[in-house]
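Taking it in order: structure first as structure tokens, then the write-up.
Number of protein chains: 2
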Amino acid sequence: MISPESRRIVSRRTRPAKSPLSQEAIVSTALELLSREGMAGLSLRKVAAALDTGPASLYVYVADLNELHVLVLDRVLGEVELPPEQAGDWRNRLKALLRSYFGVLLARPGLAQVALSTIPSGPNMMALTEALLSLLAEGGVDLRRAAWAIDLLLLQTAAVAAEQDNRRSQDESELARVAEAVHSVSAEQHPNIHALGDELVSGKGDRHDWALDVLINGVLSTPRP
Amino acid sequence: MISPESRRIVSRRTRPAKSPLSQEAIVSTALELLSREGMAGLSLRKVAAALDTGPASLYVYVADLNELHVLVLDRVLGEVELPPEQAGDWRNRLKALLRSYFGVLLARPGLAQVALSTIPSGPNMMALTEALLSLLAEGGVDLRRAAWAIDLLLLQTAAVAAEQDNRRSQDESELARVAEAVHSVSAEQHPNIHALGDELVSGKGDRHDWALDVLINGVLSTPRP
DNA sequence: ACCTGAACACCGTTCAAGT
DNA sequence: ACCTGAACACCGTTCAAGT
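Just so you know, the sequences run in chain order A and B.
Taking our numbering, I'd label the letters of the first sequence as residues 1 to 225.
Taking our numbering, I'd label the letters of the second sequence as residues 1 to 225.
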């Protein structure tokens, strides 16, 4: 009988560079590809190729592409920084937490889209959820309202991240098309759009902070029906 | 020289069922496929097949898949109902307008995702934008703040629609996985999640109205920095 | 100018066959 | 139990050749 140790040594000698397949290795490789190539790199075939195997081999560890998305997302959510209690009042800590979530989603191209199209349930998402709930509770929001509020806050943050990521990856001609459409409306047809002009298309970068204040103020002043 | 009329008659006789290719015909066909098959039906190859031609033929009228998305989205936005002035105060009309937008996005599976990943600039989007701006102006929101607010309102509405569409198209096992994750946390680890339980995963359907009030209240009480 | 067939470079997923 | 090659049923896009 061959012990596990000797088996490992033999396999190391014959194929020194190839680590054994595992869900963890698959997720790590997928994350590397996502960081380098964006959403386009996050394919089962590319992950398999990077691990020097065929795509069929991955199905032992991962049910389908959607499960890979869920796993990659939760892995990355481990990078979200939960603010310490000394970091200010609950509102500032809440905003810091959501800004960290925002930054993590924007750090990899395409990740925000993944966050919008999957329903994560991993341990890191649970930790983030719990932290948000307890910050809102500290702010005097009752728990049932907080449950609805964190959905709103997480969804809005992911959506803004996805929008900015789109803008980043789209060529300039797309943005020029929008700007042209806005400028070509007449004052009679659409007076408000005409009056705003560039204000409607430019400077989308620094609105997230304002958006967070809008949401927090709104949550504080709007009880559940 | 052959007049357009005689040319049309000849072409009718030889190929009675096949309408001539045009951007309009392509968008209509794409919309039919989207309604029937969802996002999976919205492919250039399927549109071409439905029009009885090869995929290469479409590139005369449409630059790429993204442009088709933009065109389909703006076509559908024509169905959004702009509320008449008699329909109540500005707040109720604003909510009615966004609910109409919400309903249009949800009427076709996958359309909300399209709305989140494209930057529309067609005439129907302009009309919707103008209507939102003028309703907010009526509510006393200054125009510069309104410009930021409508981004927030449109993005949130599309994101909630996309989330509900996801939920609808995903199999129940996905939702069961989330519910299981929530129920399996201990009271010591995550007391707030534990206390909420099902409240966190169920009844996501009727929150959009509350979300709209949160956003409107937030916008009213949060000036631009 | 418009249309087409064929090709290129990809996808996710399944399945029978191997170890 | 795990891995694999090969196949199936798709994609978007390009290009040379036709009309």
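Here a beta-carbon is modelled for each residue, glycine too, at the ideal position from N, C-alpha and C.
Contact list for residue i against chain A, beta-carbon separation under 8 Å
i	result
residue 193 of chain B	126, 129, 130 and 133
residue 159 of chain B	116, 155, 156, 158 and 159
residue 139 of chain B	Correct list: empty, because the minimum Cβ distance to chain A is about 13 Å.
residue 80 of chain B	Under the 8 Å cutoff, chain A gives no residues; its nearest Cβ is about 15 Å from residue 80 of chain B.
Selection from the options that minimises the alpha carbon distance to residue i
i	options	result
residue 116 of chain B	B:98, B:96, B:130 and B:157	B:157
residue 125 of chain B	B:75, B:62 and B:187	B:75
residue 180 of chain B	B:37, B:211 and B:202	B:202
residue 35 of chain A	A:65, A:59, A:93 and A:111	A:111
residue 131 of chain A	B:191, B:113 and B:210	B:191
residue 80 of chain B	B:93, B:88, B:89 and B:86	B:93
residue 120 of chain A	B:182, B:98 and B:108	B:182
residue 65 of chain A	A:87, A:221, A:26 and A:32	A:26
residue 149 of chain A	B:53, B:172, B:204 and B:219	B:204
residue 58 of chain B	B:23, B:88 and B:32	B:23
residue 219 of chain B	A:211, A:224 and A:225	A:211
residue 175 of chain B	A:98, A:53, A:51 and A:70	A:70
residue 169 of chain B	B:213, B:151 and B:108	B:108
residue 151 of chain B	A:141, A:172, A:206 and A:187	A:206
residue 173 of chain A	B:167, B:53, B:63 and B:173	B:63
residue 221 of chain B	B:171, B:141 and B:97	B:141
Residues near residue i by beta carbon distance below 7 Å, same chain, minus five either side
i	result
residue 30 of chain A	42, 47, 68 and 72
residue 146 of chain A	133, 136 and 137
residue 178 of chain B	201
residue 90 of chain B	135, 138 and 139
residue 16 of chain A	Residue confidence is low: residue 16 of chain A scores 34 on pLDDT, short of 50, so the model does not pin down where it sits. Its coordinate-derived value is still stated next. Cβ within range, chain order: n/a, list empty.
residue 118 of chain B	66, 69, 70 and 73
residue 100 of chain B	80 and 81
residue 54 of chain A	48
residue 213 of chain A	none
residue 228 of chain B	Outside the shown range of chain B (1 to 225) lies residue 228 of chain B, about which nothing can therefore be said.
residue 96 of chain B	83 and 87
residue 98 of chain A	153, 157 and 212
N- and C-terminal bounds of the alpha helix (DSSP H) containing residue i
i	result
residue 74 of chain B	65–77
residue 49 of chain B	44–50
residue 164 of chain A	143–169
residue 24 of chain A	23–37
residue 104 of chain B	90–107
residue 180 of chain A	172–183
residue 189 of chain B	From DSSP, residue 189 of chain B is part of no alpha helix (DSSP H); its letter is neither H nor E.
residue 116 of chain A	111–117
residue 123 of chain A	123–138
residue 87 of chain B	No alpha helix (DSSP H) holds residue 87 of chain B; DSSP gives it neither H nor E.
residue 205 of chain B	Note, residue 205 of chain B: premise wrong, no alpha helix (DSSP H); not H, not E.
Expected contact under 8 Å - CB spacing of residue i and residue j to nearest Å
i	j	result
residue 196 of chain A	residue 128 of chain B	Actually they are not in contact, since the Cβ atoms of residue 196 of chain A and residue 128 of chain B sit about 15 Å apart, beyond 8 Å.
residue 153 of chain A	residue 215 of chain A	6 Å
residue 189 of chain B	residue 106 of chain B	At roughly 36 Å, the Cβ-Cβ gap does not stay under 8 Å, so residue 189 of chain B and residue 106 of chain B are not in contact.
residue 230 of chain A	residue 50 of chain A	Look at the range of chain A in this structure, 1 to 225, and you will see that residue 230 of chain A is not part of it.
residue 39 of chain A	residue 113 of chain A	6 Å
Per-residue contacts from residue i into chain A (C-beta, under 7 Å)
i	result
residue 211 of chain B	152
residue 121 of chain B	177, 178 and 181
residue 224 of chain B	210
residue 163 of chain B	155
residue 143 of chain B	192, 195 and 196
residue 199 of chain B	144 and 147
Under 7 Å from the C-beta of residue i: neighbouring residues of chain B
i	result
residue 190 of chain A	126 and 130
residue 148 of chain A	207 and 210
residue 115 of chain A	By Cβ distance, chain B contributes nothing, its closest Cβ being about 10 Å from residue 115 of chain A, past 7 Å.
residue 185 of chain A	126
residue 174 of chain A	119
residue 104 of chain A	Near residue 104 of chain A there are no residues of chain B at all, since even the closest Cβ is about 18 Å away, more than 7 Å.
Neighbourhood of residue i by C-beta distance below 8 Å, restricted to the same chain and skipping five residues each side
i	result
residue 102 of chain B	157, 160, 161 and 208
residue 185 of chain A	193 and 194
residue 223 of chain A	145
residue 61 of chain B	21, 22, 23 and 26
residue 78 of chain B	124
residue 45 of chain A	55
Cut-off 6 Å between Cβ atoms - residues of its own chain near residue i, not counting five sequence neighbours on either side
i	result
residue 122 of chain A	74
residue 217 of chain B	none
residue 225 of chain B	none
residue 171 of chain A	none
Under 9 Å from the C-beta of residue i: neighbouring residues of chain B
i	result
residue 40 of chain A	Within 9 Å Cβ-Cβ: nothing; residue 40 of chain A doesn't reach chain B, min ~14 Å.
Chain-ordered neighbours of residue i on chain A, where CB pairs are closer than 9 Å
i	result
residue 166 of chain B	116, 117, 118 and 119
residue 76 of chain B	Ordered by position in chain A, no residue passes the 9 Å Cβ test against residue 76 of chain B, which lies about 17 Å from the chain.
Closer than 8 Å at the beta carbon, the chain B residues around residue i
i	result
residue 217 of chain A	217, 218, 221 and 222
residue 62 of chain A	Within chain B, no residue comes near residue 62 of chain A; the closest Cβ sits about 14 Å away, beyond 8 Å.
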